[in-house]
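Numbering (the numbering used here), first residue to last: 1 to 294. Heads up, the beta-carbon is just placed ideally off N, CA and C, and yes, glycines get one too. Quick caveat, the model's predicted, so the values are computed rather than measured. Remarks on the structure that follows.
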């Protein structure tokens with residue numbers, strides 16, 4: 001059942017790649033803005049059902065999830081629906097309200113350790129879906145690039161980006177002690193192809209939606225599509241990795257440096273491509289290579 005819940009959330013995320021689905025939702029929200037208030041109830045019910053499956057459902061947890069979903073909805077609803085060309089402070093606030101509670105592990109103390117991994121994935125899926133509904137359908141921003149590939153460059157750009165940035169990440173990562181020297185994949189690495197799919201769906205695509213389609217794109221809509229803004233967005237992406245532990249202590253400045261450079265490459269590919277899938281593919285290649293060879 002846990003796999004089914006995650007699969008349904010993933011199906012919702014991928015279903016929104018459909019132009020027809022996007023246009024239908026956009027018409028609904030623009031004509032009847034009050035529908036936006038159903039989202040906190042809907043997503044809280046989904047999370048509560050998932051928590052019930054693993055014996056972690058409680059009133060405090062459900063209330064926390066409801067507040068978490070309701071806050072960005074309120075921030076967007078106050079401004080109203082429409083086709084938006086210039087983001088406001090309220091739009092950036094909505095992004096922060098979507099991102100930071102998950103980044104900081106809000107509510108972890110209310111969940112048994114055995115259920116935290118699954119419910120974190122559920123919360124991640126809910127946040128991704130909510131962000132898409134708010135920024136694609138309710139307040140509809142241009143250049144989110146949440147669509148399927150439209151040209152050949154959408155397919156070759158991830159590989160070109162990988163060839164350009166991988167040597168830099170490897171040499172720098174080894175030099176500052178972030179990664180060890182390269183090695184062959186461990187025995188039993190027959191799951192390498194499947195791992196690429198898991199990384200893409202579970203990490204790369206959600207992070208590219210947040211950091212490229214939302215944060216980088218809205219910054220550029222507000223301040224201009226230029227290199228300083230691209231660097232600022234990359235720095236935000238890098239800073240998001242400061243609390244990632246592992247072999248290094250937190251705050252993990254090594255991870256931040258490497259992630260900032262990687263984020264610059266992801267952001268540049270996002271700029272040049274017609275779809276967020278291109279930067280997500282590059283993100284997958286980088287994470288997959290690190291996982292198996294470093």
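Would you report the Cα separation of residue 226 and residue 175, rounded to the nearest angstrom?
Counting from 1 along the chain shown, the entry for residue 226 is found at position 226. Counting from 1 along the chain shown, the entry for residue 175 is found at position 175. Their Cα atoms are separated by approximately 30 Å.
The alpha helix (DSSP H) that contains residue 91, what's its start and end?
Stepping through the chain shown from its first residue, residue 91 is reached at position 91. Segment 89-103, the alpha helix (DSSP H) holding residue 91.
What are the start and end residues of each continuous alpha helix (DSSP H) run of 4 or more residues lying completely inside the segment 20-61, in chain order?
38-53
Just to confirm, are residue 237 and residue 197 a CB contact at a threshold of 7 Å?
In the chain shown, counting from the first residue as 1, residue 237 sits at position 237. In the chain shown, counting from the first residue as 1, residue 197 sits at position 197. No, these two residues do not count as a Cβ contact at 7 Å.
Residue 131 - DSSP class collapsed to helix/strand/coil:
Within the chain shown, numbered from 1, the residue matching residue 131 stands at position 131. If DSSP states are grouped into helix, strand and coil, residue 131 belongs with the helices.
Since residue 132 and residue 209 should fall inside the 8 Å C-beta cutoff, what is the C-beta to C-beta distance between them, to a whole number of angstroms?
In the chain shown, counting from the first residue as 1, residue 132 sits at position 132. In the chain shown, counting from the first residue as 1, residue 209 sits at position 209. Indeed they touch by this definition, with Cβ atoms about 7 Å apart.
Over the uninterrupted alpha helix (DSSP H) stretch that includes residue 278, give me the two end residues.
Translated into the one-based positions of the chain shown, residue 278 becomes position 278. Counting along the chain, the alpha helix (DSSP H) containing residue 278 begins and ends at 276-293.
Pair every Cβ in the segment 133-148 with every Cβ in the segment 19-26, then say whether three or more of these pairs are closer than 8 Å.
yes
If we ignore side chains and look at the alpha-carbon of each, how far apart do residue 295 and residue 127 end up?
Given a span of 1 to 294 for the chain in the structure shown, any question on residue 295 remains unanswerable.
Determine the direct distance from the alpha carbon of residue 260 to that of residue 152, and round the result to whole angstroms.
Translated into the one-based positions of the chain shown, residue 152 becomes position 152. Translated into the one-based positions of the chain shown, residue 260 becomes position 260. Roughly 27 Å between the two C-alpha positions.
So who's on the other strand from residue 224, going by DSSP bridges?
Taking the first residue of the chain shown as 1, we reach residue 224 at position 224. Answer by DSSP bridge pairing: none, since residue 224 is not bridged.
Note down, in chain order, each residue of its chain lying with its Cβ closer than 7 Å to the Cβ of residue 203, except the 5 sequence neighbours on either side.
Sequence index remark: in the chain shown, residue 203 carries index 203 (1-based). Taken in chain order, the residues that qualify are 287.
Within 10 Å of its beta-carbon, does residue 244 have 16 or more other beta-carbons around it, so buried, or fewer, so exposed?
In the chain shown, residue 244 corresponds to position 244, counting from 1. Classification of residue 244: exposed, given that the 10 Å Cβ count is below 16.
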